[in-house]
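J.: Quick one: structure below, then a few questions.
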Amino acid sequence: EIVVDAIPHLGYLHRCFEKHAEHLDYRGIIPFVDRMDYLAAMSMEWGYALTIEKMLGTEVPKRAEYIRVLVAELQRIASHLVFFGTYAIDLGAFTPFLYAFQDREEILRLFEELSGARMLYNYIWIGGVWNDVTDEQLVRIKTFVDRFEVDLAKYHSLVGENAIFIGRTANVGVITAAQAYDYGATGPILRGSGVNWDLRKTRPYGMYEKFEFNVQVGHGEKGTVGDCWDRYHVRVREMFESLKIIRQVLDGIEEGPVMGKVPKIIKVPAGEIYMRTECPRGELGYHLISDGGKTPYRLKVKSSCFTHVSMLPIMAPGQMIADLVASIGSIDIVLGEVDR
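Okay, so the sequence shown: first residue is 512 according to our numbering, each after it adds one.
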């Protein structure tokens, strides 16, 4: 049962996204970016919208900026809850999955009210957001945040402090900081290896520089720095930080428009830009090259999931098959973003 080698086979979910983008107008690309990391579609949209807005010089209204941070952090929680629940199932525990999806459902219900869709939203538009948030929805978010913070501590106690879970994840699938740098790992994988790097802090975008929160890194509390347990724990603590950010958004959001001035037909000035954002699974980068027309000349996406799945060949050799399951689950990939 000892793994000798592991070779990821990719491409089974490939949809030619980048080629499609060359034949779609700039607004028409948004529903396509939703389908990359479909568990974090708000984050996919925000990075793309920021890329176009920076090229156009568009000013986004303040209320829309607050709403973007709000939905992005709710999306981060929803995404990490999928990881939490499915990781527990991977390792043999079923009940945490039900708790995780019950809480995630509240977030998806809110997103459905805002956008009309549960997973693929087309909500963050170039210049702002498609639909405003009501006062009643903000009150519901506040109620959810207060309740979920208490429940999340219980969930961690149930799973993260469980002796069997610790035995399956501590000292398993260790990724050192040097290996993370070598492969270009980002997000919870990089931070799980003890590296303090989060674009929301180091290269702030949107309104993140206005909010107080801490970057969570692995400390090797139960085993070795950079093991499966550290990657799990970083994501759990990130959910607490997201709740902290959401509270600050709720305190600071003000009345106003949710869409800025954007031309009816968008033509991005000739040139190129690389824009990256901190998504739940790591950094997502958009490299846009424009020739001044109504469609991109080239739109290249740098996927964190592709980088992380490429690390399996260094993690797997020497492991038992059961430990390989724990290692794959801990890097939390979405194949829609790997293949694009």
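Even glycine gets a Cβ: it sits at the ideal position worked out from N, Cα and C.
Using only CA atoms, which one of VAL849, VAL845, GLY847, ALA833 lies nearest to VAL514?
T.: Here residue 514 is taken as the residue at index 3 of the sequence shown, counted from 1. Comparing Cα-Cα distances from VAL514 to each of VAL849, VAL845, GLY847, ALA833, the minimum goes to ALA833.
J.: Whole angstroms is fine: what's the gap from ALA664's alpha carbon to PHE622's?
T.: As a position in the sequence shown, residue 664 is number 153, starting the count at 1. As a position in the sequence shown, residue 622 is number 111, starting the count at 1. Computed Cα separation, rounded: 24 Å.
J.: Tell me which residue opens and which closes the alpha helix (DSSP H) that ILE513 is part of.
T.: Looking up residue 513 in the sequence shown gives position 2. From DSSP, ILE513 is part of no alpha helix (DSSP H); its letter is neither H nor E.
J.: Terminal residues of the continuous beta strand (DSSP E) containing MET786?
T.: Walking along the sequence shown from the start, residue 786 turns up at place 275. Element bounds for MET786: 782-790.
J.: Ends of the beta strand (DSSP E) at GLU794?
T.: As a working note, residue 794 is residue 283 in the sequence shown. Run containing GLU794: 793-801, per the beta strand (DSSP E) assignment.
J.: Going by Cα to Cα distance, which pick from VAL820, ILE541, SER704, LYS721 is closest to CYS739?
T.: For the purposes of this step, residue 739 is taken as the residue at position 228 of the sequence shown. Closest option to CYS739, Cα to Cα, is SER704.
J.: Would you grab the beta carbon distance between MET786 and THR569 for me? Rounded to a whole angstrom, and I think it's under 8 Å.
T.: As a first step, residue 786 is located in the sequence shown; it is residue number 275 there, counting from the start. As a first step, residue 569 is located in the sequence shown; it is residue number 58 there, counting from the start. Between THR569 and MET786 the Cβ distance is about 13 Å, and since that is not below 8 Å, they are no contact.
J.: GLY684 and ALA837 look like a contact to me (Cβ under 8 Å); what is the Cβ gap, rounded to whole Å?
T.: Within the sequence shown, residue 684 is the residue found at index 173, counting from 1. Within the sequence shown, residue 837 is the residue found at index 326, counting from 1. GLY684 to ALA837, Cβ: 6 Å. Contact.
J.: Pick from PHE543, HIS525, ILE675, ALA628: whose alpha carbon is nearest that of ALA532?
T.: Here residue 532 refers to the residue found at position 21 of the sequence shown. Nearest option by C-alpha distance: PHE543.
J.: At 4 residues or longer, what runs of the alpha helix (DSSP H) sit wholly inside the region 541-626?
T.: Those alpha helix (DSSP H) runs which fall completely within the region 541-626 and span 4+ residues are 541-544, 552-567, 573-601, 606-626.
J.: Tell me whether LEU524, by its Cβ, gets closer than 7 Å to a heavy atom of the ligand NAD.
T.: In the structure on display, the ligand NAD does not appear, and there are no ligands present to speak of.
J.: Given that a residue counts as buried once 16 or more other Cβ atoms are within 10 Å of its Cβ, and exposed if not, what is GLN613?
T.: Start at 1 with the first residue of the sequence shown, and residue 613 comes out as number 102. The residue in question, GLN613, is exposed, as its Cβ has fewer than 16 Cβ neighbours within 10 Å.
J.: ASP545 and THR806: beta carbons closer than 8 Å?
T.: In the sequence shown, the residue the question calls residue 545 occupies position 34. In the sequence shown, the residue the question calls residue 806 occupies position 295. Cβ distance not < 8 Å, so ASP545 and THR806 don't count as in contact.
J.: Using the DSSP secondary-structure output, state which residues sit across from VAL858 in a beta bridge.
T.: Here the chain covers residues 512 to 851 and nothing more, so residue 858 does not appear.
J.: Can you have a look at ILE541 and say buried or exposed, based on whether 16 or more other CB atoms are within 10 angstroms of its CB?
T.: As a working mapping, residue 541 is identified with position 30 in the sequence shown. Looking at its Cβ environment, which holds 16 or more other Cβ atoms inside 10 Å, ILE541 is buried.
J.: Please say whether ARG742 and ILE700 have beta carbons closer to each other than 8 Å?
T.: In the sequence shown, residue 700 corresponds to position 189, counting from 1. In the sequence shown, residue 742 corresponds to position 231, counting from 1. Yes; because the gap between Cβ atoms is below 8 Å, this pair is in contact.
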